[in-house]
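Report on the structure given below.
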Amino acid sequence: MRWSQTFIPTLRDDPADAEAVSHRLLVRGGFIRQLAAGSYTMLTMGQRTRLKIAAIIREEMNAIGGQEMMLPTLHPAEIWKQSGRYDLMGDNLFRLQDRKGIDHVLGMTEEEIFGMLATELFSYRQLPQIWYQMHTKFRDEPRPKSGLLRVREFTMKDSYTLDIDLPGLDSGFDKHRRAYKRMFARMGLKAFDVEASSGAMGGSESVEFIVRSEAGEDWIVTCENCDYRANREKATSALALVDDGEPLDLDRFPTPGLRTIKALAEANPDLAAPDRQIKSLVYFLDEQPVLVLLRGDHDLEEQKLLDATGVGEGIRPAQPDEIKPLLGANPGSLGAVGVENIQIVADEALRGRHNMATGANEDDWHFSGVSLDRDIVVSKWADLRSVSSGEACVNCGGQLELWKGIEVGHIFKLGTKYSEAFGAYVQDEAGESHPVIMGSYGIGVERAMAAVVESSYDEKGIVWPVPVAPFEVVVTILRADDAATLEAAENVYAALKSEGVDVILDDRLERPGVKFADSELVGIPFRVTIGPRGVESGTVEFTRRAGLDTVEVSLDSIVNEVVAAVRSGRSTSNDD
RNA sequence: CGGGACGUGGCGCAGCUUGGUAGCGCGCAGCGUUCGGGACGCUGAGGUCGUGGGUUCAAAUCCCGCCGUCCCGACCA
-19 MRWSQTFIPT LRDDPADAEA VSHRLLVRGG FIRQLAAGSY TMLTMGQRTR LKIAAIIREE
41 MNAIGGQEMM LPTLHPAEIW KQSGRYDLMG DNLFRLQDRK GIDHVLGMTE EEIFGMLATE
101 LFSYRQLPQI WYQMHTKFRD EPRPKSGLLR VREFTMKDSY TLDIDLPGLD SGFDKHRRAY
161 KRMFARMGLK AFDVEASSGA MGGSESVEFI VRSEAGEDWI VTCENCDYRA NREKATSALA
221 LVDDGEPLDL DRFPTPGLRT IKALAEANPD LAAPDRQIKS LVYFLDEQPV LVLLRGDHDL
281 EEQKLLDATG VGEGIRPAQP DEIKPLLGAN PGSLGAVGVE NIQIVADEAL RGRHNMATGA
341 NEDDWHFSGV SLDRDIVVSK WADLRSVSSG EACVNCGGQL ELWKGIEVGH IFKLGTKYSE
401 AFGAYVQDEA GESHPVIMGS YGIGVERAMA AVVESSYDEK GIVWPVPVAP FEVVVTILRA
461 DDAATLEAAE NVYAALKSEG VDVILDDRLE RPGVKFADSE LVGIPFRVTI GPRGVESGTV
521 EFTRRAGLDT VEVSLDSIVN EVVAAVRSGR STSNDD
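Be aware that the first sequence starts at -19, since it is given in the numbering used here, and climbs by one per residue.
In structure tokens:
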């Protein structure tokens, strides 16, 4: 392609209010334009990179035996009601009506449709299957943000494994895990596979692929010592035992004006150190009140509460005016002693503890000497607390580190939720019917693209890894109005093209500084600079975008040199 | 949804406090000089000031509603 005839609208100013680096650089480099909140146009350059990412994903999916299909994005609401997710997904699901008044939804993922298709399987002999598609997904995000990182309409590669038994599911899951690692490595992304919560998707086990980045929204816990890696929504840690001494009797003591864990601890250091208090939080789960108990110095991880109670997404902290009628006191004096009218969910760290302090459900009064087993009717024990950095690893005792990352992929062992909902059963050798066991695997294509930018840029602009660059090489003509220079550049350009190199000729009548700045902003991995001076002496310059180091190369050997560099760049990966 | 901010040529912004003929930089078009690190001169095109209402002789400016966008919190690829 010729730059002079290609629409690459680069900008000198940052877009207003764009916080994420990838958003700024992709807009300035002429890759994307925003249409509305969470809705983006892929311009020529953006689309070229997007298609390269898609091609990598497609190759790796085909390599593990995936069969590509394409499903509709407009679904009758009926299907989502059948799986139960019409209500479960809440406001994130786009809903609309057709002219006849029939309810529809825009697909946010496709377990339902693939589950229906799976009803056409009848025999274990047809399994396993890996089905996938790469298509638009719609999610009415409460807050789209950070350019392509969080949008309302995006492309997802979603695949589904169909198996007769659990070992089959494990194998399909493992194939995906390895394929995902290869895909991300080929894109130049360092993606860590971490244990994750399955959330509203359901199923037994899930793994997320996370790229380390300050622009990310997920908190990841890793061990400095072993290979323990988990999303904070799922992560656990080992706690030092607290010595409670001999159990004492329950006692009430006045605590005027003491409303916080900290204030209570400072006023009563012996009786109520933070790790000796019970923190009582009131939540509504699907509009049912729940009293949540944690150790005073621990924080609630809401996703864990959802997972423990099987609630999809209907969670909210209670309002102060809702709490008093339930418990008889205001926040600051709440406790679970003697509470029987609402469900009590307690964190594992409280199990077996005694001589604890907690609110007495009467303003300005607390209990001491509380025994969990003796004084509180816990209806459910669960791991609810949020892990903090510096705590000890459950596997090896090493220190845990907490960092932010972008979720670029998520794979789930679903089980039989959808096959049972839609009646996808197959017969085994003995002629017995079993629901098909499903796995579900997703990658956000444009998010992966943004993640590449987030992890590969410098002060001049984007530094694309060769496999996902919009072009591999730019041939920059310094004087497009000089006949000899133009001819030399055209020859190099044509030769590279015939070698299969993805090359663009910057033949614009711009000054050199403009062309250099643009090629660096846009991030093309290799640049061949051809000017009148060099042409006279038979040399050109060869510049690598990463590091911007330049070498002089003879005009005769430049094509071979570039082809070699491009070929080695194509197979470079960040695989650890 | 809760909290904060902003909407003025294609992009980035000033003007609003104190109402009175809409401005700057970049970009764009023409001509000329330049041109190996975002050139310069001259000439020029381009704006319902988000939108609806109100106040006023007069509204980008003051008041109210709505819409949109961004940022901070609860969701996900």
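The C-beta atom is built at its ideal place from N, Cα and C for all residues, glycine as well.
Going by CA-CA distance only, name the one from the options that's closest to residue i.
i           : options            : result
residue 124 : 14, 161, 178       : 14
residue 341 : 312, 275, 368      : 312
residue 274 : 267, 137, 284, 266 : 284
residue 339 : 448, 236, 267      : 236
residue 446 : 32, 267, 27, 205   : 32
residue 291 : 300, 81, 310, 269  : 269
residue 260 : 481, 248, 239      : 239
residue 388 : 420, 188, 156      : 188
residue 282 : 267, 263, 431      : 263
residue -7  : 440, 475, 444      : 440
residue 81  : 57, 112, 7, 500    : 57
residue 199 : 383, 215, 6, 361   : 383
residue 517 : 356, 535, 530, 529 : 535
residue 359 : 369, 378, 323      : 323
residue 139 : 482, 464, 395, 112 : 112
residue 97  : 72, 59, 76         : 59
residue 438 : 411, 380, 488, 500 : 500
residue 11  : 458, 472, 450      : 450
Return helix, strand or coil for residue i, following the three-state DSSP convention.
i           : result
residue -1  : coil
residue 555 : Low confidence applies to residue 555: its pLDDT is 47, below 50, so where it sits in the model is not reliable enough to give any reading.
residue -16 : helix
residue 5   : helix
residue 502 : helix
residue 425 : helix
residue 60  : helix
residue 54  : strand
residue 181 : helix
residue 523 : strand
residue 134 : strand
residue 496 : helix
residue 198 : strand
residue 545 : helix
residue 254 : helix
residue 17  : coil
residue 326 : strand
residue 539 : helix
Give the range of the alpha helix (DSSP H) segment to which residue i is assigned.
i           : result
residue 465 : 463 to 478
residue 362 : Per DSSP, residue 362 belongs to no alpha helix (DSSP H); it is in the beta strand (DSSP E), 360 to 362.
residue 36  : 24 to 43
residue 164 : 146 to 166
residue 68  : 65 to 68
Mind checking who residue i pairs with in its DSSP beta bridge?
i           : result
residue 264 : 269, 296
residue 455 : 485, 508
residue 189 : 173, 389
residue 419 : 141, 393
residue 338 : 347
residue 211 : 200
The beta strand (DSSP E) with residue i in it runs from where to where?
i           : result
residue 567 : The requested residue 567 is not part of the displayed model; the chain covers only -19 to 556.
residue 92  : No beta strand (DSSP E) contains residue 92, which is instead part of the alpha helix (DSSP H) from 91 to 97.
residue -10 : Run containing residue -10: none; DSSP gives neither H nor E here.
residue 289 : Here residue 289 belongs to no beta strand (DSSP E); instead the alpha helix (DSSP H) covers 282 to 289.
Looking at residue i and the ligand ATP, is the gap between the Cβ and the nearest heavy atom below 8 Å?
i           : result
residue 308 : Ligands in the displayed structure: none, and consequently the ligand ATP is not present.
Touch test, the segment 179 to 193 against the segment 219 to 226, Cβ-Cβ under 8 Å, three pairs minimum | These segments do not touch.
Should the segment 411 to 425 be called in touch with the segment 467 to 485, which here means at least 3 C-beta pairs below 8 Å?
-> Short answer: they don't touch.
Touching by the beta-carbon criterion (3+ pairs, under 8 Å), the segment 124 to 135 and the segment 1 to 12 | With a cut-off of 8 Å, the segment 1 to 12 and the segment 124 to 135 count as touching, because enough Cβ pairs lie within range.
Cβ contact check for the segment 8 to 26 and the segment 35 to 43: 3 or more pairs under 8 Å = As far as the Cβ criterion goes, the segment 8 to 26 does not touch the segment 35 to 43, which means the pair count is below three.
Stretch-stretch touch, CB-based, cutoff 8 Å, three pairs: the segment 169 to 177 with the segment 209 to 216 = With the cut-off at 8 Å, the segment 169 to 177 and the segment 209 to 216 touch.
Are the segment 132 to 146 and the segment 423 to 432 in contact at 8 Å, needing three or more beta carbon pairs?
-> Here the segment 132 to 146 lies against the segment 423 to 432, with 3 or more beta-carbon pairs under 8 Å apart.
At least three beta-carbon pairs within less than 8 Å, the segment 402 to 409 to the segment 99 to 106 = Yes: at least three Cβ pairs fall under 8 Å.
State whether the segment 496 to 510 contacts the segment 519 to 536, with contact taken as three or more CB pairs (one from each stretch) at a distance under 8 Å.
-> When Cβ pairs closer than 8 Å are counted between the two stretches, the segment 496 to 510 is seen to touch the segment 519 to 536, the count reaching three or more.
Evaluate contact between the segment -15 to -5 and the segment 74 to 92, counting only Cβ atoms and requiring at least three cross-stretch pairs below 8 Å.
-> The segment -15 to -5 vs the segment 74 to 92: no contact.
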